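The numbering of the sequence shown is the numbering used here, which starts it at 236 and goes up by one. Glycine residues also receive a C-beta, built at the ideal position from the N, C-alpha and C atoms. As the structure is a prediction and not an experimental result, all values here were calculated from the model. Quick notes on the structure that follows.
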Amino acid sequence: GFVGFRVRHHGELARIELPVADLARGIERRVELIAACKRAGYLFVTLDLAGFRSGSLNVLNLPSHTRGSGS
236 GFVGFRVRHH GELARIELPV ADLARGIERR VELIAACKRA GYLFVTLDLA
286 GFRSGSLNVL NLPSHTRGSG S
């Protein structure tokens with residue numbers, strides 16, 4: 236299994252966030268990850284290449300002029 240991960244729910248899409256160090260292993264186990272997400276009712280499954288990062292959803296709440304500014 237994986238430690239320190241999450242699955243974001245986007246309607247019919249599951250976005251899996253794994254620690255960057257586990258991304259290669261996630262690709263290797265993609266068939267298992269897809270099957271688990273399909274069993275949970277998702278039609279589409281993605282692996283977030285940016286990896287797991289705490290607070291990443293907060294970026295969506297920032298005013299648009301501060302996103303990606305590096306501050």
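Straight-line spacing of the CA atoms in ASP283 and VAL255 works out to 9 Å.
Between ARG250 and ARG243, the alpha-carbon positions lie close to 5 Å from each other. In this structure, the CA atom of ALA271 is about 23 Å from the CA atom of SER289. Annotated three-state conformation of VAL238 is coil, per DSSP. Under the DSSP assignment, VAL280 falls in the beta strand (DSSP E) whose first and last residues are 279-282.
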